[in-house]
Structures are given as structure tokens and as C-alpha cells.
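Line by line, the protein sequences are chains A and B. Be aware that the first sequence starts at -7, since it is given in my numbering, and climbs by one per residue. Be aware that the second sequence starts at 353, since it is given in my numbering, and climbs by one per residue. C-beta atoms are modelled at their ideal positions from N, C-alpha and C, and glycine is treated no differently.
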Amino acid sequence: EPEVTQTPSHQVTQMGQEVILRCVPISNHLYFYWYRQILGQKVEFLVSFYNNEISEKSEIFDDQFSVERPDGSNFTLKIRSTKLEDSAMYFCASSQQGAYNEQFFGPGTRLTVL
Amino acid sequence: GQSLEQPSEVTAVEGAIVQINCTYQTSGFYGLSWYQQHDGGAPTFLSYNALDGLEETGRFSSFLSRSDSYGYLLLQELQMKDSASYFCAVRGAGGGNKLTFGTGTQLKVEL
Chain A
-7 EPEVTQTPSH
3 QVTQMGQEVI
13 LRCVPISNHL
23 YFYWYRQILG
33 QKVEFLVSFY
43 NNEISEKSEI
53 FDDQFSVERP
63 DGSNFTLKIR
73 STKLEDSAMY
83 FCASSQQGAY
93 NEQFFGPGTR
103 LTVL
Chain B
353 GQSLEQPSEV
363 TAVEGAIVQI
373 NCTYQTSGFY
383 GLSWYQQHDG
393 GAPTFLSYNA
403 LDGLEETGRF
413 SSFLSRSDSY
423 GYLLLQELQM
433 KDSASYFCAV
443 RGAGGGNKLT
453 FGTGTQLKVE
463 L
């Protein structure tokens, strides 16, 4: 069964450092997303991406964040200068054309900012 | 803006039926979905309602009333493995398929 994969599973970084979180969406999906979940809280939308451009972003997704699809399989989230409050689980997700409510989530990357 | 409210915790016994409610306020609405999340795991899609009424998928059913801005997830024949958090989610009208998740309900299934 196809699945979304994410690397690394856990990333520890110092405040102010740049991090890149990587995702490989399901191969025939066209829509890609990043969400995050602070421990014990609900899942929050960050950004959606379609046809090589951002289609929607939340207020959380400020200038410190960027996304990229560098090749035909990878989808990355970059945080330029991490803050303590960026510590969270980051989930990548993807969905098929026409099935936008059924989003397939990866296992997540736990980001810890010290 | 959008907000979705759920009970924080529900406890039930194995074999029972449990209903998890969700009320929402949204500026755009393209359906109510339900996701399951085990501790430390990824949210997993369970069900989706675009129109009023009941959708059944095996032991899980989901109901929507758009006039009441209300939906619920019904879990039948509860099993221990159903112990997890359950989130309702609304897809908004921003064009990017953004899902806004509810506060989540932690379901504990006991023997």
C-alpha cells in the first residue's frame, strides 16, 4: 500500500539554526501539505502546494518558512531560523485530484528546538 | 475563521457503541471529515460527509447536519485498538484544501 514517508523521524536543533524536513508524497498525488502538532494540541495547517506553487498558507507560515518540490518525488519544508516555539511534530500529507478531504499523512518529524 | 469543538475525552467499554460529537463554525464549508490518531502516530482518514445524513464504513459511521453545523462519529463494537484520539476536520474555501481540525476527543476503551 502506498504511503507518505518523512525524514528524519526526529530532529534536534539549536535555536536560530535552519532545518529542512523532507517528505516523499504518494506518487500519483498532486496536492501536498504540511501540518504541525504541538504536543497535546490539535493538528494545525501550515501550507498547501499544487502545481509547483503554494495554493494556501496559514498565518503560522511566515517568512521563516518555505516549501519546495526540488524534484519529482520530494517535498521539503525549510525553517530558516528556528525558534523554541517551532518545537512540534511536523506532518506532511498528500491527496489525489478530487479527493481533497482524504489526506494521507506521513509518520511525522518531531522537531525539538533547544 | 473556523472553529470546531469536540468533547475532550470519552470512555467506553469493549463491545459498546460510542458517539463523538463535533460542532463547527466556519466561513466556508466543503465537508466534514474524521481522522483517527494513535499516540505519536499520523492522523488517519476515517470518513467524510459532504451532504446531510449518515455515511457508514464498517464499524464506523459519520453523520452530518449542515443546518445545525453539527456532526458525529459513531463507533460500534468497540475494540481495545480503537483507543485513540479522534479529530473532526472541515475543509475550507481558501482554494488550498486546508483542513481545520477540531480540538480532538481522546477515546479510552476499557475491558
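Contact between B/F412 and B/L430 does not hold, since the beta-carbon distance rounds to 11 Å and is not under 8 Å. A/Y82 and B/D420 have their C-alpha atoms roughly 33 Å apart. Below 8 Å, enough C-beta pairs join the segment 67 to 87 of chain A and the segment 31 to 41 of chain A to call them touching: three or more. B/Q377 and A/V105 have their C-alpha atoms some 34 Å from each other. Boundaries of the beta strand (DSSP E) harbouring B/S385: 384 to 389, taken from the DSSP string. Here A/A85 is buried, its C-beta having at least 16 other C-beta atoms within 10 Å. Straight-line spacing of the CA atoms in A/T74 and A/F53 works out to 13 Å. Residue state for A/L76 is assigned as helix, using DSSP reduced to three classes.
Inclusion of B/N449 and A/S1 in the CB contact set at 8 Å is not warranted, their separation being larger than that value. Going by C-alpha positions, B/S417 is about 22 Å away from B/E361.
For B/S413, the enclosing beta strand (DSSP E) covers residues 412 to 417.
Interface annotation for the segment 359 to 391 of chain B against chain A: G383, S385, criterion Cβ-Cβ distance under 7 Å. Of the candidates B/F415, B/G423, B/L459, the residue whose Cα lies closest to the Cα of B/M432 is B/L459.
What A/E94 touches in chain B, judged by beta-carbon distance under 8 Å, is S385, F397, Y400, going in chain order.
Taking 8 Å as the threshold, the shortest C-beta distance from B/K460 to chain A does not fall below it. A/N43 and A/L22 have their C-alpha atoms some 7 Å from each other.
For A/E48, the enclosing beta strand (DSSP E) covers residues 45 to 49. Taking 8 Å as the cut-off, the beta carbon of B/L451 is found closer than this to the beta carbon of B/A441.
For the segment 33 to 51 of chain A, the set of positions with a beta-carbon nearer than 9 Å to some beta-carbon of chain B reads Q33, K34, V35, E36, F37, V39, S40, F41, Y42, I46, S47, E48, K49, S50 in chain order.
The CB of B/R443 comes closer than 8 Å to the CB of Y92, N93 in chain A, given here in chain order. A Cβ-Cβ distance of about 5 Å is found for the pair B/L384 and B/N401, placing them in contact under the 8 Å criterion. Your pair A/F41 and A/R14 does not check out as a contact, with CB atoms roughly 14 Å apart and the cut at 8 Å. Among the residues of chain A, those whose CB is under 7 Å from the CB of B/A394 are F83, F97, G98, P99, G100, following chain order.
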